[in-house]
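There are 2 protein chains.
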Amino acid sequence: MPVTLKDIARQTGVSVSTVSRVLSGDKAISVQTQKNVRKAAKKMGYRVNTVARSLKMNRTYTVGFVCPEITNEFFMKIAKGVEQELKQSGYSVIICTSNENVEDEARSLRILREKCVDGMIIIPCSNEGKHIKELCGDSCPVVLADRLVDDLKTDAVLVNNEAASFALVDGLIKKGKKRIAFLGGNELITSAKERFSGYLKALKENNITVEPDLIRFGDFYLQSGYDIMKDFCEMENPPKEFFISNYFMQVGAERYLQEHQKNKEDELTIVGFDNMDASPLFRFTERTAVQPMVAIGTEAARLLRRRIEGDKESFPLISRFDVDWNVNN
Amino acid sequence: MPVTLKDIARQTGVSVSTVSRVLSGDKAISVQTQKNVRKAAKKMGYRVNTVARSLKMNRTYTVGFVCPEITNEFFMKIAKGVEQELKQSGYSVIICTSNENVEDEARSLRILREKCVDGMIIIPCSNEGKHIKELCGDSCPVVLADRLVDDLKTDAVLVNNEAASFALVDGLIKKGKKRIAFLGGNELITSAKERFSGYLKALKENNITVEPDLIRFGDFYLQSGYDIMKDFCEMENPPKEFFISNYFMQVGAERYLQEHQKNKEDELTIVGFDNMDASPLFRFTERTAVQPMVAIGTEAARLLRRRIEGDKESFPLISRFDVDWNVNN
DNA sequence: AAAGTTTATGCAATCGTTTGCATAAAGTGA
DNA sequence: TCACTTTATGCAAACGATTGCATAAACTTT
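Protein chains in written order, with the numbering used here: chain C, 1 to 329; chain Z, 1001 to 1329.
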């Protein structure tokens, strides 16, 4: 059985309230009593029961982090920022996954509410926001990360997707490439949409006609990158330049190319989003947009903490980070 | 303010106990009352306060998952197994990172204890187990994953590291390769040690003399793979075959080779641990050991749940998964 | 109709904290 | 010495749920 305030009180001959006051640093307690209590607490191995404290204080110092997939390096970089930042202020993070599925997402939110988290950071898996509005709200602030959602007025931390994909595609065009295929993410997701707009904008500003056959949407996962690259390569007149909307689709696409013995002599060029540890090893990937992933998490966490602490200023706040694009190989 | 049992009781004219009984499915309550209560609960949007429940029941249905680094795909695959499995039985998972640092690990354990988690799954960052023994114990079961720790009698879920690295190295030798360099992980960590034993065993069984110059230990992270590969390549008589102890060191090593314009003609061959999504894209990596990462997590979670529910059978239980080794490219 | 049984519900304690208010003791000032 | 502050501490309620025990009402049984 764990030691409680009561045990210390009994041991030192003072009341529970006095013990509580000493341990929470109340200066009104006499120095002698403080010493006694602290000594006893230490000797007996006391550790607060934050469950009881939370009940009384109506604050759990726990926040929820909901993302579509926990093994996703991109999401976990964001999670890292969140965890790092919040740990400093004494919060813990419960991680839930939605498995790219709105019902699971809603289930996670419900559980988190029942656990009385002080707030949540959500990377939504769709553009559906109803369940979030329903389950969260004033007593449980929400910050979205990486993606927005329809019909939901809340804070969000995003990146400048359109500008980055514009720059990448524009860069290719400026090098004389005109037939650039587009491998998109899940069309329902704002980041996918924004990256597509950037692509379109680059074509438009350079007076290039959009070829609908060169535009395909997947789901941001490996297999869809593989499949779409396959389809493109099997066209009668295959494109040689590609914009791929995220890292995982790049892995899939590069794997297709690898398996089919393409090599540099084919002069294929890929640009796209996300630079991960293994990106420099990709054969055809020339430039990638480098999102400040950890910083997104850190920023979302800071914002959430402010909201938890009652700051209502300029709500809802949508902040966007700029994206770097670097030469890869 | 959230709705409480009291509110429902007031609304329906019964006592709090009756409401509690209805909502926890007690059949002794009259059908009519059940209906009334359920209806009111639904209409008022009642949601249990698990903080209060936890305090009373002395069970939080929350477990801690402590790992060295949250952005590590390998650890997160294990975490996925854990989360998936435990979610089914109504548990949530708090993720903490130790940043490969014993003090941080101890801090995390302390916080988790204060949050009254029902148990923990730990991927320890060193071979130090004192702080775990101190902070956990009977009232808070612990299952280790992937690595063991000195002086700590507790359950663990591991893989058969030695057998796998033996097989990989032996395979190279059987193909006539005799000078196989070893790029090790953090020597303090059991998995690194076991992989090293497998390497030594393969040399020994094939009567190959160990060349100390061909053995180097890093820390399981990218940079160390890069640095050690560099050192090897700069030897006057560089080895051409390599055993690399995990994925991240492989990425580092491959990046070094890539940057230094090595290509297939050099006939370099890498074998080693972990097969990730991007592994097939690595130029020199020929075979990799495929650990059942998600299954490790699932198994650890099952074991932990059993311990939480009071099963003391065959404690401590160390289970080891077999490892596959597959052709890579 | 009395005694016994069953059914449905309420009372009140409890989990471990925190905190407003009361109060006793000690100290201060004239 | 008396009134008045100040200082140190305790009492008890509260947070929101669960549950053993008590009990009133409704049925059985003979």
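Backbone N, C-alpha and C fix where the C-beta goes; we use that ideal spot for every residue, glycine too.
Problem set entry | Cβ-based burial, C/H260 [other Cβ within 10 Å; buried from 16] | Counting the other Cβ atoms within 10 Å of the Cβ of C/H260 gives fewer than 16, which makes it exposed.
Problem set entry | Start and end residues, beta strand (DSSP E) containing Z/R1047 | Careful: Z/R1047 lies outside any beta strand (DSSP E) and carries neither H nor E.
Exercise. Got a sec, what are the start and stop residues for the beta strand (DSSP E) C/E236 sits in?
Worked result: Where C/E236 is concerned, there is no enclosing beta strand (DSSP E), given that its DSSP letter is neither H nor E.
Exercise. Can you list the residues of chain C that Z/E1083 reaches, using a CB-CB cut of under 9 Å?
Worked result: I70, I95, C96 and T97
Exercise. Can you find a C-beta in chain Z that's less than 8 Å from the C-beta of C/E299?
Worked result: no
Problem set entry | Beta-carbon proximity check, C/Y199 vs C/S224, cutoff 8 Å | no
Problem set entry | Z/T1012 - DSSP class collapsed to helix/strand/coil | helix
For this session: Pick out the complete beta strand (DSSP E) segments inside the region 1111-1163 of chain Z, 3 residues or longer, and give them in chain order.
Result: 1119-1122, 1142-1145 and 1155-1159
Exercise. Roughly how many angstroms lie between the CA atoms of Z/F1282 and C/A253, to the nearest whole one?
Worked result: 14 Å
For this session: Check whether the Cβ atoms of Z/Y1247 and Z/M1276 sit closer than 8 Å, and answer yes or no.
Result: With contacts defined by Cβ atoms closer than 8 Å, Z/Y1247 and Z/M1276 form a contacting pair.
Exercise. If you draw a straight line from the C-alpha of C/I78 to the C-alpha of C/Q34, how long is it?
Worked result: 43 Å
Exercise. What number of angstroms, rounded off, separates the C-alpha of Z/H1131 from the C-alpha of Z/S1139?
Worked result: 15 Å
For this session: Look at the Cβ atom of C/I173, then the Cβ atom of C/P239, and state whether they are nearer than 8 Å.
Result: Annotated as distal: C/I173 and C/P239, with beta-carbon spacing of 8 Å or more.
Problem set entry | is_contact[Z/R1047, chain C] using C-beta, thresh 8 Å | yes
Problem set entry | Under 7 Å (Cβ pairs) to chain Z, residues found in the region 98-116 of chain C | I111, R113, E114, K115 and C116
Exercise. So which residues on chain C does Z/A1052 lean against when the C-beta distance must stay under 7 Å?
Worked result: L55
For this session: Tell me whether Z/V1003 sits in a helix, a strand or coil according to DSSP, three-state version.
Result: coil
Exercise. Tell me, which residues are paired with C/S319 by DSSP?
Worked result: C/V157
Exercise. From the beta carbon of Z/D1146, is the nearest beta carbon of chain C less than 8 Å away?
Worked result: no
For this session: Name, in chain order, the residues that DSSP records as bridge partners for Z/A1181.
Result: Z/F1242
For this session: Mind listing, in chain order, the continuous beta strand (DSSP E) runs of no fewer than 3 residues lying wholly within the region 1069-1108 of chain Z?
Result: 1092-1097
Exercise. Terminal residues of the continuous alpha helix (DSSP H) containing Z/V1251?
Worked result: Y1247 to E1259
Problem set entry | Anticipated Cβ contact below 8 Å, C/D146 with C/S108, distance rounded | That belief does not hold up - the Cβ atoms of C/D146 and C/S108 are roughly 17 Å apart, past 8 Å.
For this session: May I ask whether a heavy atom of the ligand ZN can be found less than 7 Å away from the beta carbon of Z/A1163?
Result: This structure lacks the ligand ZN; in fact it carries no ligand of any kind.
For this session: Could you tell me whether the Cβ of Z/M1229 comes closer than 8 Å to any Cβ of chain C?
Result: no
Problem set entry | Span of the beta strand (DSSP E) around Z/G1176 | Counting along the chain, no beta strand (DSSP E) covers Z/G1176, and no H or E run does either.
Exercise. Out of C/T50, C/V66 and C/E69, which has the shortest C-alpha to C-alpha gap to C/T60?
Worked result: C/T50
Exercise. Which stretch, first to last residue, makes up the alpha helix (DSSP H) that contains C/R305?
Worked result: M293 to I308
Exercise. Would a C-beta distance cut-off of 8 Å place C/L112 and C/C125 closer than the cut-off?
Worked result: no
For this session: Could you check what DSSP says for Z/I1215 in three-state terms: helix, strand or coil?
Result: The answer is strand: DSSP assigns Z/I1215 an E or B state.
Problem set entry | Spatial neighbours of Z/K1230 in its chain, beta-carbon cut-off 6 Å, leaving aside the 5 residues before and after | Y1256
For this session: Take C/G129 and list the residues in its own chain whose beta-carbon comes closer than 6 Å to its own, dropping the five residues that flank it on each side.
Result: V149, D150, D151 and L152
For this session: Under 7 Å Cβ to Cβ from C/L317, same chain only, skipping five residues before and after it: list those, please.
Result: D155 and L303
For this session: Within 10 angstroms of the Cβ of Z/P1068, are there 16 or more other Cβ atoms? Answer buried if so, exposed if not.
Result: buried
For this session: Counting only the same chain and skipping the five closest in sequence on each side, list residues whose C-beta sits under 6 Å from that of C/F196.
Result: Cβ-Cβ distances below 6 Å link C/F196 to G184 in the same chain, with the five nearest sequence neighbours on each side left out; the list follows chain order.
For this session: May I ask you to report which of helix, strand or coil DSSP gives C/T62?
Result: strand
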